[in-house]
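Line by line, the protein sequences are chains A and B. Per numbering that gives the first Met the number 0, residue 0 is the first one in the first sequence, and the count goes up by one each step. Per numbering that gives the first Met the number 0, residue 0 is the first one in the second sequence, and the count goes up by one each step. All C-beta atoms, glycine included, are put in the ideal place defined by N, C-alpha and C. Just below is one structure, and these are the notes that go with it.
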Amino acid sequence: MHTICRQGAVTHQPGHVPVISGRSVQAAPLLAPRSAVLVEAVRGRKSRTDPVAKSKVGRIKVPPPVDPVEMLVLKERYSEYELIMRALRLEFKEEVLRKKYEEETGSQAEERARQEEEEHRALINWNDQENLRMLKARILRVQKEEEEAERKKMEAAIQREQQLEESIRLREKEILQLQEEAKNFITLENLDQRIEDALDNPKNYNFAVDKEGKVVKRTVLQ
Amino acid sequence: MVHLSSFLLKKYHSGYVVIRLAMAGHKQANRPFYRIVAAYNKRSRDGKYIEQLGTFDPLPNIYNEKLVSFNFDRIKYWIGCGAHPTKPVAKLLGLSGFFPLHPMTVTEAERRRAQAKLAETTAGTEDSQEEENRAGV
Chain A
0 MHTICRQGAV THQPGHVPVI SGRSVQAAPL LAPRSAVLVE AVRGRKSRTD PVAKSKVGRI
60 KVPPPVDPVE MLVLKERYSE YELIMRALRL EFKEEVLRKK YEEETGSQAE ERARQEEEEH
120 RALINWNDQE NLRMLKARIL RVQKEEEEAE RKKMEAAIQR EQQLEESIRL REKEILQLQE
180 EAKNFITLEN LDQRIEDALD NPKNYNFAVD KEGKVVKRTV LQ
Chain B
0 MVHLSSFLLK KYHSGYVVIR LAMAGHKQAN RPFYRIVAAY NKRSRDGKYI EQLGTFDPLP
60 NIYNEKLVSF NFDRIKYWIG CGAHPTKPVA KLLGLSGFFP LHPMTVTEAE RRRAQAKLAE
120 TTAGTEDSQE EENRAGV
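Okay, structure coming up:
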């Protein structure tokens, strides 16, 4: 840390009391004539076209009075202050630059750079390993899925074929049955014969059932 | 047409850095509190700053102290990078001992002392005048 020296005590000239105004003097007080009218409207509520307030009609703003002795003393103090400030600024700038230099080309920099590079390489390796692993897993998975799909397709085809065969068989059976029944059909040639047969052999479908379940086929016939 | 420069040139700034007091608005009336802050010159007082370097509480506490805090390391860095402190910040730093005492601090103190002495002497003369009047009467 720098050791900052305080300002030395100021000696007043004997028998002189500096004129003090209530307000503090702004940065660079002017030794201008008192009657100089300064800026009229710098900031504030009113716009350009608003009239002046009644209480301020004849007002002439005047800067606070400046004491020349105090001014001299102040100038001295300011020059010293600025000198010290300039020196401080240069010192701090140098320190910042030195720190930056140390950071970049210092004793630790190489080691740190090397370590970082090693870390980086290790991480990249690990990443590559992970990628390979994921790739293998993915390939296996994809293969399995393909096989599954193939199998399913085959099964579906077999199923379809089987169903086709089933339907063919059913149809063939129906045809055979129909052929069988066709032998007993009544055709135009058989018509007369069948009528005569029917008339000759009357069939009786009536029967009676007892409460005990005995079936009686003998009925009253013509 | 999108204003592209605001996306690309986020870091662009011509202007300089200042170390100044920014009101840390806790949105309570009549209770100010300042942060000592490194910010760009043209930014608003309470707007986005680069870094906070300390605090300043202008109202005295129960032990009649006004509390100030500084981060001297970072202040050194910013001054080394070319930041300018404002007058009140320079005064506070001078009082802390980090900077030389600001000339206005000394001048103000002298003025106040002279004022006090003047008030004392006038009070003294008034008292003595009253005594004389009473003695005379």
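Beta carbon proximity, Val141 of chain A to chain B, threshold 7 Å: Taking Cβ atoms only, chain B never reaches closer than 7 Å to Val141 of chain A, which makes this a no.
Minimum Cβ-Cβ distance from Thr54 of chain B to chain A less than 7 Å: Using a Cβ-Cβ cut-off of 7 Å, Thr54 of chain B does not count as an interface residue toward chain A, since no Cβ of chain A sits closer than that to its own.
Met153 of chain A, buried or exposed, once every other Cβ within 10 Å from all chains shown has been counted against 16: exposed
Limits of the alpha helix (DSSP H) - the one that Gly123 of chain B falls within: 102-135
6 Å CB neighbourhood of Glu94 of chain A in its chain, flanking five on each side removed: none
Rounded Cβ spacing between Asp45 of chain B and Met22 of chain B (contact assumed at less than 8 Å): 6 Å
Rounded separation between Lys135 of chain A and Gln161 of chain A - CA only: Taking the straight line joining both Cα atoms gives about 39 Å.
Within 7 Å, strictly: CB atoms of Asn205 of chain A and Thr186 of chain A: no
Beta-carbon spacing of Lys92 of chain A, Gly96 of chain B below 7 Å: no
Contained alpha helix (DSSP H) runs [length at least 4] in the region 152-209 of chain A, N- to C-terminal order: 187-199
Contact set between Glu69 of chain A and chain B, taken where Cβ atoms lie within less than 9 Å: Thr106, Glu109, Arg110
Three-state secondary structure assigned by DSSP to Ala82 of chain B: Coil.
Beta-bridge partners of Thr54 of chain B, as assigned by DSSP: DSSP lists B:Arg34, B:Ser68 as partners of Thr54 of chain B.
Beta-carbon contacts of Arg73 of chain B that lie in its chain and below 7 Å, excluding the five residues immediately before and after: Glu50, Leu52
Interfacial residues, the region 76-88 of chain A to chain B, with Cβ spacing under 8 Å: Of all residues in the region 76-88 of chain A, those with a C-beta nearer than 8 Å to a C-beta of chain B are Arg76, Tyr77, Glu79, Tyr80, Ile83, Met84, Leu87, Arg88, reading in chain order.
Below-7 Å beta-carbon distance, Tyr15 of chain B vs any chain A residue: no
Chain A within 7 Å of Pro102 of chain B, Cβ atoms only: yes
Neighbourhood of Ala89 of chain B by C-beta distance below 8 Å, restricted to the same chain and skipping five residues each side: Here the set comprises Phe98, His101.
Through-space distance from Phe69 of chain B to Ile35 of chain B, alpha-carbon basis: 8 Å
First through last residue of the alpha helix (DSSP H) which encompasses Ala86 of chain A: Ala86 of chain A -> alpha helix (DSSP H) spans 67-104.
Contacting positions in the region 93-104 of chain A - beta carbon closer than 7 Å to chain B: Glu94, Val95
Pro87 of chain B versus B:Thr124, B:Val17, B:Lys47, B:Ala28, residue with shortest Cα-Cα distance: B:Val17
Closest residue to Arg110 of chain B among A:Lys53, A:Val68, A:Ala156, A:Gln142 (Cα-Cα distance): Shortest Cα-Cα distance from Arg110 of chain B to any of A:Lys53, A:Val68, A:Ala156, A:Gln142 involves A:Val68.
Cβ neighbours of Lys65 of chain B in the same chain (closer than 8 Å, five flanking residues each side left out): Around Lys65 of chain B, the same chain offers Phe55, Asp56, Pro57, Leu58, Pro59 as residues with beta carbons nearer than 8 Å, after the five sequence neighbours per side are excluded.
Cβ-Cβ separation, Asn40 of chain B to Tyr76 of chain B (assumed contact under 8 Å), whole Å: Actually they are not in contact, since the Cβ atoms of Tyr76 of chain B and Asn40 of chain B sit about 18 Å apart, beyond 8 Å.
Residue from A:Glu180, A:Leu73, A:Val65, A:Lys210 whose Cα sits closest to the Cα of Thr104 of chain B: A:Leu73
Glu69 of chain A: CB within 6 Å of a non-hydrogen atom of the ligand GTP: Of ligands this structure carries none, so the ligand GTP is not represented either.
N- and C-terminal bounds of the beta strand (DSSP E) containing Ala21 of chain B: 16-22
Outcome for Tyr100 of chain A when other beta-carbon atoms lying within 10 angstroms are tallied against a minimum of 16: exposed
Sequence-distant residues of the same chain with beta carbon closer than 6 Å to Tyr48 of chain B, five excluded per side: Val36, Ala38
Outcome for Arg76 of chain A when other beta-carbon atoms lying within 10 angstroms are tallied against a minimum of 16: buried
Burial state of Asp196 of chain A (16 or more Cβ within 10 Å): exposed
Met81 of chain B classed as buried or exposed, judged by whether at least 16 other C-beta atoms fall within 10 angstroms: Strictly speaking, residue 81 of chain B in this sequence is Gly, with Met absent from that position. Classification for Gly81 of chain B: exposed.
Interface partners of Leu73 of chain A on chain B, CB under 7 Å: Pro102, Thr106
Residues near Asn200 of chain A in its chain [Cβ-Cβ closer than 6 Å; skip 5 each side]: none
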